[in-house]
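Structure record follows, encoded as structure tokens.
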Amino acid sequence: MPVKVHIHLTHRRFTDGKEVVEAEGQTVGECLNHLIQQFPGMEKAIFAKKDKLHNIVEVYLNHASAHPNELAKPVKDGDEIHLILMLAGG
Amino acid sequence: MLTPDERERYDRQILIEQIGPEGQEKLKRSRVVIAGAGGLGSPIAIYLTAAGVGMIRLIDHDRVSLSNLNRQILHWEEDIGKKKVQSAATKLRNLNPGIKIEAIDETITEANVSHLLEGCDAIVDAMDNLSTRYILNRCAIEKNIPFFHGAIRGFEGRAMTILPGKTACLRCMYRGSVPEEKFPVIGVTPAVIGCIQATEVIKYLLGIGQLLTNRLLMYDGLEALFTEFAVNRNPECDHCGQIK
Ligand SMILES: [Zn+2]
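These protein sequence lines are chains C and D, in that order.
For the first sequence, position 35 (counting from the first letter as 1) is numbered 35 according to the numbering used here, and the numbering increases by one without interruption.
Each number in the numbering used here corresponds to the 1-based position in the second sequence with 90 added.
Take a look at the structure:
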């Protein structure tokens, strides 16, 4: 089930500059694991440890927040995931 | 009532159908806190002062330094070393002497936040760190005062409007603490986001338009792209989850 994962600008150096990567899985977590299989540099960029995203990483599924328990959220064919970094400056 | 001078000063915005003289009087009666007189606080304070918001309370504990001047447009070279709220108040009073500017040179803490936010109609987030944003968010919810969030980094920014107990708050999205950093930024980014926040405040005070409630607006200056994400209240939120 291909899902489109939108990669944040900061992370595109880990995806050969790709803005969108197709990934497969039944859940957000499975899709992110598939993303990491394709682009291993993404693992450290988004995961603090196994099954735990960095606190700064926000996940949106079909333009809606997937928080909390984002990794467990089911996905279907054609869904879109955005990986966004939280901002704190002013 | 508006004075003849006020009618002239605000003539062009009174012409806006959704504002009119009644709207202008509402702005005149309004009291807004701006937490932070830096990159975001500068455009927010300038535009709310220009628009005729009757009282603006500006809070910041910092002094102006040379490295602020690429983005904090309320402060000029001659202000280096001065308290930011003093530097800002001087410019704002010169821009619009009809506005009451309260300049508060304090660090916002759990202990003083309730006092600092007392008696206002809106609280604008112009902070440069998350921990103070959460202090403001919690107090805004306790006092049931709308909170206008904005944040930036580099060419990126975001904004969201929070109506306590009704729409998602900043803490609803909380994932745990994030290390503080010396964030990169160019002045045009807080200019864009600060103006969006100021627009939200004006709309709220006048009761017009559609607010950015449950809508996180993301701005990417490099791609020249605005993207919107839906955010909903989190029943587990430790700030607003208990509010019915
Ligand atoms: Zn909340």
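Ideal Cβ placement from N, Cα and C applies to all residues, glycine included.
Between Glu208 (chain D) and Met308 (chain D), the C-beta spacing is not below 9 Å. Residue state for His205 (chain D) is assigned as helix, using DSSP reduced to three classes.
Annotation: Ala48 (chain C) to Asp101 (chain D) spans about 55 Å, alpha carbon to alpha carbon. Under a criterion of Cβ atoms nearer than 7 Å, the residues of chain C adjacent to Gly266 (chain D) are, in order, Asn55.
Closest by C-alpha distance to Asp169 (chain D), out of D:Cys259, D:Val154, D:Glu318 and D:Ala179, is D:Val154.
Residues of the segment 196-230 of chain D that bring their beta carbon within less than 7 Å of a beta carbon in chain C comprise Ala216, Met217, Asp218, Asn219 and Leu220, in sequence order. For Gly299 (chain D), same chain residues with a beta-carbon under 8 Å away, outside a window of 5 residues either side, are Gln108 and Lys293 in chain order. Membership of Thr180 (chain D) in the alpha helix (DSSP H) is indicated by the continuous run Lys174 to Leu185. Exposure of His205 (chain D) is indicated by the presence of fewer than 16 other C-beta atoms within 10 angstroms of its C-beta.
For Gln162 (chain D) and Ile286 (chain D), the gap between their C-alpha atoms comes out near 16 Å.
Contact between Ile242 (chain D) and Gly90 (chain C) holds, since their C-beta atoms are separated by about 6 Å, short of 8 Å. The secondary-structure analysis by DSSP pairs Lys4 (chain C) across a beta bridge with C:Glu22 and C:Glu80. At least one heavy atom of ligand 1 falls within 8 Å of the beta-carbon of Gly331 (chain D).
Residue state for Ala45 (chain C) is assigned as helix, using DSSP reduced to three classes.
For the options D:Asp218, D:Arg228 and D:Gly188, the alpha carbon positioned closest to that of Ala201 (chain D) is the one of D:Arg228. Using beta-carbon distances, Leu9 (chain C) counts as an interface residue toward chain D, with a partner under 9 Å.
Cβ-Cβ separation between Ser120 (chain D) and Asp211 (chain D): approximately 5 Å, consistent with a contact (criterion under 8 Å). C-alpha of Asn324 (chain D) to C-alpha of Ile146 (chain D): approximately 31 Å in a straight line. Classified as exposed, Phe316 (chain D) has fewer than 16 neighbouring CB atoms from the shown chains inside 10 Å of its CB.
Between the alpha carbons of Asn322 (chain D) and Ala66 (chain C) lies a gap of roughly 10 Å.
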